[in-house]
Structures are given as structure tokens and as C-alpha cells.
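Residue numbers (this note's numbering), protein chains in the order written: chain C, 1 to 263; chain Z, 1001 to 1546. Quick reminder that beta carbons are idealized off the backbone N, C-alpha and C, glycines included. Everything on this sheet refers to the single structure shown next.
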Amino acid sequence: MNIAVLIKQVPDSTEVKINPETGTLIRAGVPSILNPYDHYALEAALELKRKHNFKVTVVSMGPPQAKAVVQLALALGADEGVLLSDMAFAGSDTWATSYALAKGIKKLGKMDIIFAGMQAIDGDTAQTGPAVAQQLGIPQITFCEHVEVDGRRILARKQIDGGHELLEARPSVLITMIMGKDWAPKHPSFPAVHASLKKPFHVWSAADVGAEAQYLGLKGSPTQVNKIYPPPQREKAAMFSGSGQQGVEKILEVLKAEHFIGE
Amino acid sequence: MASIDAISRGLMLDSLKEYAKRRIPYDLLRELDEKNEFPADILKEMYDPEILGVHLLMIPEEYGGVSGGTYDIYRVCEQLARIDLGIATGVFATFLGTDPLNVGGTEEQKEKWLTRIAKEKLLVAYGATEPDAGSDLVNLRTRAEHVVKNGKIVGYRVTGNKQWISNGGVADLYTILAMAPGGPSWFLVEKGMEGFSPNKHEDKHGIRLSNTAGLSLDNVYVPAENLIGMEEGKGLLQAQAVFGYTRLMVAAFGLGAGTEALEQAVRYSQQRIQAGTPLSEKQGYTHKLIVPHACRLEAARSYIEYTAGRLDGGEHGLQTEGAIAKYTATEGGNRMAEDAVQALGGYGYTKDFPVEKIKRDIKITCIYEGTSEIMEMTIYRGRWQEHLKTRGRYYLDQADQLDALHAQVPGVGAHAAALALRALGAIMEECRVQKLTRHQHVTFKLGRLIADAEVAACFARAAAQQKYGETVRFDKDAWQAMARVFAREAALSTAVQGLALVLGAADQAGNLADAMNLEAVQAEQKGNVADMDLVAAKLKQTFKAK
Chain C
1 MNIAVLIKQV
11 PDSTEVKINP
21 ETGTLIRAGV
31 PSILNPYDHY
41 ALEAALELKR
51 KHNFKVTVVS
61 MGPPQAKAVV
71 QLALALGADE
81 GVLLSDMAFA
91 GSDTWATSYA
101 LAKGIKKLGK
111 MDIIFAGMQA
121 IDGDTAQTGP
131 AVAQQLGIPQ
141 ITFCEHVEVD
151 GRRILARKQI
161 DGGHELLEAR
171 PSVLITMIMG
181 KDWAPKHPSF
191 PAVHASLKKP
201 FHVWSAADVG
211 AEAQYLGLKG
221 SPTQVNKIYP
231 PPQREKAAMF
241 SGSGQQGVEK
251 ILEVLKAEHF
261 IGE
Chain Z
1001 MASIDAISRG
1011 LMLDSLKEYA
1021 KRRIPYDLLR
1031 ELDEKNEFPA
1041 DILKEMYDPE
1051 ILGVHLLMIP
1061 EEYGGVSGGT
1071 YDIYRVCEQL
1081 ARIDLGIATG
1091 VFATFLGTDP
1101 LNVGGTEEQK
1111 EKWLTRIAKE
1121 KLLVAYGATE
1131 PDAGSDLVNL
1141 RTRAEHVVKN
1151 GKIVGYRVTG
1161 NKQWISNGGV
1171 ADLYTILAMA
1181 PGGPSWFLVE
1191 KGMEGFSPNK
1201 HEDKHGIRLS
1211 NTAGLSLDNV
1221 YVPAENLIGM
1231 EEGKGLLQAQ
1241 AVFGYTRLMV
1251 AAFGLGAGTE
1261 ALEQAVRYSQ
1271 QRIQAGTPLS
1281 EKQGYTHKLI
1291 VPHACRLEAA
1301 RSYIEYTAGR
1311 LDGGEHGLQT
1321 EGAIAKYTAT
1331 EGGNRMAEDA
1341 VQALGGYGYT
1351 KDFPVEKIKR
1361 DIKITCIYEG
1371 TSEIMEMTIY
1381 RGRWQEHLKT
1391 RGRYYLDQAD
1401 QLDALHAQVP
1411 GVGAHAAALA
1421 LRALGAIMEE
1431 CRVQKLTRHQ
1441 HVTFKLGRLI
1451 ADAEVAACFA
1461 RAAAQQKYGE
1471 TVRFDKDAWQ
1481 AMARVFAREA
1491 ALSTAVQGLA
1501 LVLGAADQAG
1511 NLADAMNLEA
1521 VQAEQKGNVA
1531 DMDLVAAKLK
1541 QTFKAK
């Protein structure tokens, strides 16, 4: 089988701050990482490669510096890497992005399984994976934690409220992955990084994948970000001291005054 | 030397950081430090090509390595030092022990040994120092006698003692310097050879995770093919050839451990409230314990990168530059660690906080690979020759260049650096005229002044660049302010200390004060407190409290 994994470079959210005046993310000096969900999805794909000797191709879209996550995936064991990079892609929402990614995948040829992280930690939309399935006209299974392949059967274990759902699909299918516990995200050794430089790595423009300008960027995006702002800071909690009885009385008093409970 | 591309380097550094985060938390470091224990399993994992393969950086691609350049090795050494200087030293010893092979080995020797080091995860040790021979390796006592069979030298009998050998008790392979009939030579000695035994692991002040031991060689038979380069008498040259480079690695250690201490102090200072405000808001705290060190460390970084760039560009030797880098970064790092303990107050004095350990660990960087005093001497010797050769123009010409830079890019400390260089030129000339270098004190002190002035000039040039390198974590405003603070300090200390030096050694100072342009040096100090305010604020912004 041929497997594609959709990956994204994101700012390390533990270090991101929002500028309260402009409402934009302060990205300066914030390290970039491979989206953790995509990292898990990649490990799932590489596990299938180890078991069945499948070919794994990673596909990403982003500015030139996003090469780093594609090379990381190659160092971890992926066979081929593609970065869709073009000014024409800038400003794309999830739909325009999925259009471009689908074009890139089509150029690579038929993919039996397409993996994606369930969402990226910067946008948190969880739309891009499903939208790629839509663009390609193939079925999708979302929020999976484990995938096995048996012949032509693709078996996915999906997390649902209070249990698991086991689903089966035939190629081609798109699967989005949650961060499960079956594979720990790995980091490549020095020689693995060095060897990854020799693997095929393509940087493709919009023209290279035959993507039309009208479906790309801000122009091709049905949704636009209106505003990003940090949640309002919580007001300071009021602290009361005294005995248990006094405390209870005081709290009752406040709850009544704020009309949380009646008299 | 080849270099690794920025993305690959970034991935390697990330992997190293992640490994340390997962496998070497502070609690473990603390326990090993207390037990004075070398973590052999961790080192073997770090050498495992499936896990990290960090030692492969030193080994060329054709022998199974990844062909790291000087810049790459500096970056990895800095990161290792931020994790633990003992572990860093264990890795460094392998780098160092591999060096004589890289520099002087024959093709066959490289093929055989470098491949083995790469594949078999060999820990290597570098055996040069002896009880009576440190930086003065000419006093070498270890002897290598010929073993002759059928009129042919088939091997050597090596006898002697080595001291303070990093990885001494745990290495698989040793490069040993011994006096052969044809002169000092390097030999490859394997663990377990008959007559070869390591002594006890030393009980050290710091870097207690690094194994340090003496070595006893009692008539050890070493086959002739283990003579590095297959030629006797090349040992000292082979050792000297890499000093610029190896000292740069130790410089990176001082920088890394010092920067770690700085970050911890800055983060702490935002949480500790005294008299209603955090310590990070108080000049009495920041401008004494933090800001000057931060500026010095960034200055040292610029100099390390400058020197690494020249070595990667194909230059050889650079002993003086290696010494300036080591001296500035290790002394600066050591002082930062000392003040980080002070900055954390009572907490800093306990083992619950890593700065206590950093302070003990970092001291070694001022000692090994040549003490700070040997650095002062080396720096003085190298530049004194330049001063004489150029008839005193060496620093004056550089000062002219810095002033030209100042005209183009004001605000990076270039003028202050020019003042420091001019003052230095004047002091050296006065020392020449009055023959003051007959005093060793004068020569060593000159070494120190030279380092400060040259590093200030280097930092100004770096801060004037359009685009900063990948290691600069501050914005232009902050980095330029740091360059100004450092250059002002360099100008002032060069002038004042230089004057004191000459006055103390000579009968009279002539018109030295005029030649140094003391008035301009004074005028240049204007705005320093405001710059330090800016640096303190930016440090807080960059290293936020966790």
C-alpha cells in the first residue's frame, strides 16, 4: 500500500502569547514544532511501514521554513517528502488548504491510506483532514487512536464516549488520529537526520500541482479570521478566613447577594 | 571542514534536548552528582546511532559519521553543557581523544579506528596530562621503547603515568601521548591491554558525573600500527594543531552552563517578591547580578561564532582566537554561575536548585584544556607578536575599521570598541618602549585586556549585521544595547586597568593618558544605565517565569 501523512509545522503552543493590543499571535522567538497530533499520525503510518513494508510519503503546506518538519518525518523513517510552498497559498483557510493538499496528493498518485492529525494545535479547527477527504471524494474515519491493516482491510479503532468503535474500510480512506498511547512520539538520531538528506524531497508550487489561483489564498477561502483574542482574565477570588461555621455563613451570604440562591 | 545544514542541525539539537528532558531529569543528575557516579548507560545511549549517536558529529561521513563542522560542534557542546557539564565532558573526552586520529592518523588508521568508534560506540579518552606535565607537555615522562623483531620495529613498550584523564576509568580506547625515541608521539591503547590500568575515580568539586582517573602504564605492549601517523615525533604538533578548535568546545561549555545559570536566575527573579515588587524590577539586583554577565556571555557567543566561522572556512590553528574564546566564555560563565547562586539567595545555596551544581561544575572550564592563566599567556604571546610585526599598528588599524563601522551603524558599541582598541595599542606600545613585559604580571594582564577589547570589537561587528544568526534570542534593540554595554565596559577597563598596569610597573607613564583618549572613554559611558534597564527588561521578556 501507499500511505500519505499530512503534517503541519506549528508554533510550540506552550510558548505562544497573544498580543493583547493587536490580537495577533506573538510568534517571534517561539520555536516551531511538528503538530503533536500529526506526529502521532506519522508514528502510526511508520508502524504500518515496519510491519508491511508500505511506502510512506509526507505532505505539508507552509512557508519554506516548514521544510524542517518534512525533514523530521524523513529522518523518522518516511520515504518521501513534499512541501507545498508558494505565496499563492498564503492566507488559505481550511478549505483552500485542503484543496491544495488534495492537488499535491493527486500528483503523487493513488494513496491507499491518508493519515492526518485530528487537528493542529494552532488553529484547532479539526477541519483540514476531513476536507481533504471531501476534496478527493474518498471516505474518512476521524478521531482514531490505532490502525491495523490486514490484506486490503483497513481496521481503525476510534475513540467514542465511554468506549471504542472498530471500523473497517477499503482503500482509499482518510483517517485522522487523536494522540493515543500506542506510540510515543520519537526523535531521530544524528545519523538518521544526516541520512534523511538523501531521501527524495520535493518543494512544489501551486503551478506544480495544478492548483488554480481562484481556489487558493484569501480569495479561495470561504472563512476568514475576524479576530483572535485571549480569554478575559478571571477576576481575583475573594478569600474569607474564620471557622468552618463562619465560612459557611459568609459564603451563603455572598451567594444570596449575587442571586445564585434565593433568600 | 564540512558543516551540517541549519535544518538538520536544528533537528539534531531538538533530539538532544528531548532526550535529556525524557532521560536525564534534574533529580537524576542530583543523585548521580551526590553519588559521584558516571552514568555509563546514558553515555552508551547517547552514542547509540539508533537513539542519538552524538559522537558521530566528530567522525567524517566516509567512516560512518555525520561530518559536523566546528560551528555544529560548538552548538552541540553548548547544548550538552546546558544539560550537564559532567556528561558533556564525557562526550567531549571522546571528541578530544578522537582528535589525534582525525588530525594525524593515516588513511588506514582512520578507516579502522574511526569506523570502530562510530559503530561500536567506543568511549575514548585523551591521555596527555601527567603528574608533572600539564600545559608544558615537553616535560612528558611517559616513555615508549622500540620492540624490534628481525631488525624491524614491530611495536612499543609504553611505561608511565597519566593524570586527570576524563573517561580515564571507563573508556574503551585511549590516545596516549608518550616520548618515543623519535620524539613525543600518540599511541592508541585499548582497554585491557596487559600492564595498562586506570586508577581510582577522583572525588571532584564539580562535574562529578564525569569519570576522571589517572592511568598507569607498566610496560604495555602497543603494536607499531597503533602509532598515530606511523611516524614518531609528531605528537606535540598534532596536539597543538587542534587547540584552537578544542578550546572553542570548552568555550561553548562555559557559554552553555553560564547561559543556563542566567536563565534560571532571570526566571527566578520574576517570582521572588521583596518589598512589594519582584527582584527583576530592582536595578540593585539586575544591574549587578544579571545584566553585565548576560552582555558578557552574548559577547563571548559572538566571538565563538566568529572563530568557528573561520575554522569552518578552512583556516588552521587560530590558537590565539581559541584562547580568547575560551577565556571570555568560561570566565564569564563562571562569574554568571557564581552570581546566579547569589541571585537565588538561600535557595541558590541549596541542592534543590540546579544553580548550586552549575556553579561547582562550571569551574572546571576555567581549568581544563589550559587554565585561564595559560589562556592569558597564550593570548598575550600571540598578539604581542602582531603588535611588534606591525610596528604598533595592529590595534590602531582595527580601531580605524571600527570607527568606520560606527559611522555606518551607530549604536552597536563600535566607537567604544575602537576606544578600547586604541587604548590597548597605546598601552602595548608603552610596554614595549619601557620594556615592561619583563614582568610576567604585565604580560598576563595584557592577555586579559586584549581579550576584552577584541571581543568588544567582535560583538559590535556582529550586532551591526543586518540579520542575526540562529542563536540570537534577542531582538535588535536588546542585542545592540548588550553590545554597547559590553564595549563601554571594555573601553573603561582597558584604559583604567592598562594605565594602572603601566604606572605600577614603570617609573612614569609618559603621555599614556592622552594617547588613550581618556576623556572620550569617559564621555562614552553616557547612557549606560538606560541601556542596562533595557537589557534587564528584555531578559525578563525572553526568559519568562515558568
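Collapsed DSSP secondary structure at residue i in the structure displayed
| i | result |
| --- | --- |
| residue 168 (chain C) | strand |
| residue 1074 (chain Z) | helix |
| residue 1092 (chain Z) | helix |
| residue 1278 (chain Z) | strand |
| residue 192 (chain C) | helix |
| residue 1477 (chain Z) | helix |
| residue 1448 (chain Z) | helix |
| residue 1017 (chain Z) | helix |
| residue 239 (chain C) | coil |
| residue 1398 (chain Z) | helix |
| residue 1125 (chain Z) | strand |
| residue 1022 (chain Z) | helix |
| residue 988 (chain Z) | It is not possible to answer for residue 988 (chain Z), since the shown part of chain Z is limited to 1001 through 1546. |
| residue 184 (chain C) | coil |
| residue 1409 (chain Z) | coil |
| residue 1039 (chain Z) | coil |
| residue 81 (chain C) | strand |
| residue 159 (chain C) | strand |
| residue 1472 (chain Z) | coil |
Under 9 Å by beta carbon: chain Z residues contacting residue i
| i | result |
| --- | --- |
| residue 73 (chain C) | Within chain Z, no residue comes near residue 73 (chain C); the closest Cβ sits about 10 Å away, beyond 9 Å. |
Burial state of residue i (16 or more Cβ within 10 Å)
| i | result |
| --- | --- |
| residue 1279 (chain Z) | buried |
| residue 1530 (chain Z) | exposed |
| residue 1350 (chain Z) | exposed |
| residue 260 (chain C) | exposed |
| residue 1237 (chain Z) | exposed |
| residue 1491 (chain Z) | buried |
| residue 1226 (chain Z) | buried |
| residue 12 (chain C) | exposed |
| residue 1061 (chain Z) | exposed |
| residue 1302 (chain Z) | buried |
| residue 295 (chain C) | Only positions 1 to 263 of chain C appear in the structure, and residue 295 (chain C) is not among them; the question remains open. |
| residue 1273 (chain Z) | exposed |
| residue 1292 (chain Z) | buried |
Proximal residues of chain C, C-beta to C-beta of residue i below 7 Å
| i | result |
| --- | --- |
| residue 1012 (chain Z) | 190, 193 |
| residue 1007 (chain Z) | 67, 68, 71 |
| residue 1066 (chain Z) | 190, 191, 194 |
Opening and closing residue of the alpha helix (DSSP H) in which residue i lies
| i | result |
| --- | --- |
| residue 1244 (chain Z) | 1243-1271 |
| residue 1419 (chain Z) | 1414-1433 |
| residue 1297 (chain Z) | 1291-1312 |
| residue 1119 (chain Z) | 1115-1119 |
| residue 1372 (chain Z) | 1372-1389 |
Limits of the unbroken beta strand (DSSP E) element including residue i
| i | result |
| --- | --- |
| residue 59 (chain C) | 55-61 |
| residue 139 (chain C) | Unbroken run through residue 139 (chain C): none, as it is neither H nor E. |
| residue 1200 (chain Z) | 1196-1201 |
| residue 1439 (chain Z) | Element bounds for residue 1439 (chain Z): n/a, residue is neither H nor E. |
| residue 1185 (chain Z) | 1183-1190 |
| residue 6 (chain C) | 2-7 |
| residue 178 (chain C) | Neither: residue 178 (chain C) is in no beta strand (DSSP E) and is coded neither H nor E. |
Amino acids of chain C, ordered along the chain, whose beta-carbon sits closer than 8 Å to that of residue i
| i | result |
| --- | --- |
| residue 1018 (chain Z) | 187 |
| residue 1015 (chain Z) | 187, 188, 189, 190, 193 |
Chain-ordered neighbours of residue i on chain Z, where CB pairs are closer than 8 Å
| i | result |
| --- | --- |
| residue 197 (chain C) | 1005, 1008 |
Check: Between the stretch 1034-1056 of chain Z and chain C, which residues of the former have CB atoms less than 8 Å from a CB of the latter, in chain order?
Finding: Within the stretch 1034-1056 of chain Z, the residues whose Cβ lies closer than 8 Å to any Cβ of chain C are, in chain order, 1048, 1049, 1050, 1051, 1052, 1053, 1054, 1056.
Item checked: Positions along the stretch 37-51 of chain C whose CB lies within less than 7 Å of some CB in chain Z -> Near chain Z, meaning a CB-to-CB distance below 7 Å, no residue of the stretch 37-51 of chain C qualifies.
Next item on the list: Could you name the residues of the stretch 79-92 of chain C whose beta carbon sits closer than 7 Å to any beta carbon of chain Z, in the order they occur along the chain?
Entry: Flagged: no residues at all.
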